[in-house]
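Under the numbering used here, the letters of the sequence shown match residues 9 to 389, in that order.
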Amino acid sequence: MYVIERPTLDALLAVLQQRAFTLVGPTVRDGAIVYDEIAAATDLPIGWTDEQEGGTYHLERRDDAAVFGYVVGPQSWKRFLFPPTVRLWHARRETGGFQVQADNEVPPRFAFIGVRACELHAIGIQDKVLLAGAHVDSVYEARRQHVFIVAVNCGQAGGTCFCVSMQTGPQVSSGFDLALTEIIENDRHAFVVEVGTDRGAEVLHELPHRAASEEEQQAARLVVERAAGQMGRRMDTTDIKELLYRHAEHPRWDDVANRCLACGNCTMVCPTCFCTTVEDTTDLTGEHAERWRTWDSCFTLDFSYIHGGSVRASAKSRYRQWLTHKLASWIDQFGTSGCVGCGRCITWCPVAIDITEEVSALRASENATLASAQEKHDGNP
Ligand code: SF4
Ligand code: SF4
């Protein structure tokens, strides 16, 4: 564990730029904290924080100059690793046929600044889905392979966060090159730095730094403990896969379907959702055609369209598919949950449907049924 002073953050970004990385980090735009290319630390949301609840999000000024004093916004890093639209190939008509050319872009070497623990887990999940199977996603692979990650331990939790329940945060544990914990005490503003890779150590070596004292390490631990104690939501994940499979026909799915707009926001903001569709387009002359891949959502009617009909025609079946995939069948498919507890789907659902509330309603209903059966049994031995 090391310490860099606050001004050294600017030097850290400069060193990464000298090493030909394109910096991507949080910045304020359109009333939200979004991830975008940044040029310097002054582009970061200094002195801003966010307030989040089911269906609501807004920014507020802090009374200090914290650089990372907010939680996750509507975007995730998947926007850069697995872009919303990608041209896969284009074709041009030629005499006697047509010529197809693949679009093998050479992506930038990204340095991600300010990646949270839940987001590192989400990247790990997408690595598993898009790189570890029989069919490697070449677009993701090209963008992912050089990424330098500067992670940040959360110093506060949002109103919709539940990473503690999902065991994905708020402390970063792996998958980073450098991890920062921001310490603001009295007139002190510094970062405790943990080194995750040799590459991270090389970058740190180029910066003014020193070993962290025991007191500074303790201060860093307290920052994370404070965030862990502030979780806005929790989810009991005991036997969650079996719970959901047992209740595929529960009337609760009708209740949520009455509220759900099938807008797909929850899938767009989710850092682990990876479904796409492919569309072909031509110009009016018929001389040129292109194939594009775009993010899709299991909430659209077309997503499950097969041979003249949609398998999931109702909002009920689509919401059930999404939640059950996230928390149950994802475990069968990929060996992990598909949810990292970031809370985005709760914040950005326009009608405040809450994944934690839905799970707890199913569990409460099951517990009530079991208790009632037990009472009957006890009353009629
Ligand atoms: S399901 Fe919701 S809380 Fe879980 S990772 Fe996706 S957006 Fe975050
Ligand atoms: S749960 Fe909310 S965000 Fe997701 S599709 Fe339904 S209304 Fe949209």
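Just so it is clear, CB atoms sit at the ideal spot from N, CA and C, and this is done for glycine as well. Small disclaimer: the values here were computed from a predicted structure and weren't measured.
Neighbour-count burial assignment, D244, 16 or more Cβ in a 10 Å radius: Translated into the one-based positions of the sequence shown, residue 244 becomes position 236. Counting the other CB atoms within 10 Å of its CB gives D244 a total below 16, which places it among the exposed residues.
Q109, enclosing beta strand (DSSP E) - first and last residue: Residue mapping note: residue 109 aligns to position 101 of the sequence shown, counting from 1. Looking at the DSSP string, the run of the beta strand (DSSP E) that includes Q109 is G105 to A110.
Helix, strand or coil at W356 according to DSSP, with G and I counted as helix: As a first step, residue 356 is located in the sequence shown; it is residue number 348 there, counting from the start. It is coil, neither helix nor strand.
For V232 and A360, the rounded distance between their alpha carbons: As a first step, residue 360 is located in the sequence shown; it is residue number 352 there, counting from the start. As a first step, residue 232 is located in the sequence shown; it is residue number 224 there, counting from the start. Cα to Cα, the separation comes out at about 27 Å.
Test item: CB-CB of P34 and G81 under 8 Å: As a working mapping, residue 34 is identified with position 26 in the sequence shown. As a working mapping, residue 81 is identified with position 73 in the sequence shown. Result yes, Cβ atoms of P34 and G81 sit closer than 8 Å.
With 16 other Cβ atoms within 10 Å as the buried cut-off, status of Y5: Since the first residue shown for the chain is 9 and the last is 389, residue 5 is missing from the structure and cannot be characterised.
Minimum C-alpha distance to E295 - residue among F88, T50, F29 and H98: On the sequence shown, position 287 is the one that residue 295 refers to. E295 has its Cα closest to that of H98, out of F88, T50, F29 and H98.
Length of the line joining the Cα atoms of E383 and S373: The residue labelled residue 383 in the question sits at position 375 within the sequence shown. The residue labelled residue 373 in the question sits at position 365 within the sequence shown. Rounded to the nearest angstrom, the two C-alpha atoms are 15 Å apart.
Delimiting residues of the beta strand (DSSP E) encompassing V348: Taking the first residue of the sequence shown as position 1, residue 348 is located at position 340. Premise fails: V348 is in no beta strand (DSSP E) and is neither H nor E.
Rounded straight-line distance, which links the Cα of V367 to that of R27: As a working note, residue 27 is residue 19 in the sequence shown. As a working note, residue 367 is residue 359 in the sequence shown. Rounded to whole angstroms, R27 to V367 spans 46 Å at the Cα level.
Host alpha helix (DSSP H) of Q26 (start-end): Numbered from its first residue, the sequence shown carries residue 26 at position 18. Per DSSP, Q26 belongs to the alpha helix (DSSP H) from T16 to Q26.
Through-space distance from Q179 to Y10, alpha-carbon basis: Against the sequence shown, residue 10 aligns to sequence position 2. Against the sequence shown, residue 179 aligns to sequence position 171. Distance between Y10 and Q179, taken at the CA atoms: about 16 Å.
Own chain partners of Q329 with C-beta closer than 7 Å, once the 5 adjacent residues on each side are dropped: Counted from its first residue, the sequence shown places residue 329 at position 321. Correct list, in chain order: C306 and R320.
Residues proximal to ligand 1 by C-beta, any heavy atom closer than 6 Å: Going along the chain, the residues that qualify are V277, C278, P279, T280, K334, C347, V348, G349, C350, G351, R352, C353 and I363.
Beta-carbon contacts of T289 that lie in its chain and below 6 Å, excluding the five residues immediately before and after: Counting from one through the sequence shown, the residue named residue 289 turns up at place 281. E298.
Residues near T355 in its chain [Cβ-Cβ closer than 6 Å; skip 5 each side]: Along the sequence shown, one-based indexing puts residue 355 at 347. Non-local beta-carbon contacts of T355 in its own chain, meaning distances under 6 Å to residues more than five positions away in sequence, involve Q60, Y65 and T168 in chain order.
Any non-hydrogen atom of ligand 2 closer than 7 Å to A270 Cβ: Along the sequence shown, read from residue 1 onward, the residue named residue 270 stands at position 262. Yes, ligand 2 has a heavy atom inside 7 Å of this Cβ.
Nearest residue (CA-CA) to C353, options Q341, P259, D185 and Y327: Reading the sequence shown from its first residue, position 345 is the one you call residue 353. Checking every option, the nearest Cα to that of C353 belongs to Y327.
Run of the beta strand (DSSP E) containing Y43, from where it starts to where it stops: One-based indexing of the sequence shown puts residue 43 at position 35. Run containing Y43: A40 to E45, per the beta strand (DSSP E) assignment.
Closer than 7 Å: V359 CB and nearest ligand 2 heavy atom: In the sequence shown, counting from the first residue as 1, residue 359 sits at position 351. V359: yes, Cβ under 7 Å from ligand 2.
F307: CB within 7 Å of a non-hydrogen atom of ligand 2: One-based indexing of the sequence shown puts residue 307 at position 299. Within the chosen limit of 7 Å, ligand 2 reaches the beta carbon of F307 through at least one heavy atom.
Exposure of E190, with buried meaning 16 or more beta-carbon neighbours within 10 Å: Taking the sequence shown and counting its residues from 1, one reaches residue 190 at position 182. Counting Cβ neighbours within 10 Å, E190 comes out buried, since at least 16 surround it.
Buried or exposed (CB count within 10 angstroms, at least 16 for buried), C347: Residue numbering aside, residue 347 sits at position 339 when the sequence shown is read from its first letter. It is buried - the Cβ of C347 has at least 16 other Cβ atoms within 10 Å.
Where the beta strand (DSSP E) through G33 begins and ends: For the purposes of this step, residue 33 is taken as residue 25 along the sequence shown, with counting starting at 1. Counting along the chain, the unbroken beta strand (DSSP E) around G33 starts and ends at T30 to R37.
Expected contact under 8 Å - CB spacing of L186 and V201 to nearest Å: Walking along the sequence shown from the start, residue 186 turns up at place 178. Walking along the sequence shown from the start, residue 201 turns up at place 193. 6 Å between Cβ atoms; contact.
I157 beta carbon less than 8 Å from that of S21: Against the sequence shown, residue 21 aligns to sequence position 13. Against the sequence shown, residue 157 aligns to sequence position 149. Looking at the sequence itself, residue 21 is Leu, so the reference to Ser does not match. Not closer than 8 Å, so no.
N266 Cβ short of 7 Å to ligand 2 heavy atom set: By 1-based counting over the sequence shown, the position of residue 266 is 258. N266: no, Cβ never under 7 Å from ligand 2.
Completely contained alpha helix (DSSP H) runs for the segment 99–155, where each covers 4 or more residues: DSSP runs (the alpha helix (DSSP H)) wholly in the segment 99–155: 125–139 and 146–152.
Complete beta strand (DSSP E) runs within the segment 178–262 (minimum length 3 residues, chain order): Counting only runs that start and end inside the segment 178–262, the beta strand (DSSP E) elements of at least 3 residues fall at 186–193 and 196–203.
Straight-line gap, A150 to W56 (C-alpha atoms, nearest Å): As a working mapping, residue 150 is identified with position 142 in the sequence shown. As a working mapping, residue 56 is identified with position 48 in the sequence shown. Between the C-alpha atoms of A150 and W56 there is a straight-line separation of about 33 Å.
For A48, the three-state DSSP class (helix, strand or coil): Numbered from its first residue, the sequence shown carries residue 48 at position 40. In the structure shown, the three-state DSSP call for A48 is coil.
Contacts around R242, its chain only, beta-carbon distance under 6 Å, and the 5 residues preceding and following it disregarded: What you label residue 242 is simply residue 234 of the sequence shown in a count that begins at 1. Shown here for R242: same chain residues with a beta carbon closer than 6 Å to its own, the five before and five after excluded, namely F170 and S173 in chain order.
7 Å Cβ shell around T308 - same chain, five flanking residues per side excluded: One-based indexing of the sequence shown puts residue 308 at position 300. Excluding residues within five positions, the ones whose Cβ falls inside 7 Å are G272.
Helix, strand or coil at Q60 according to DSSP, with G and I counted as helix: Translated into the one-based positions of the sequence shown, residue 60 becomes position 52. In the three-state reduction of the DSSP assignment, Q60 falls in the strand class.
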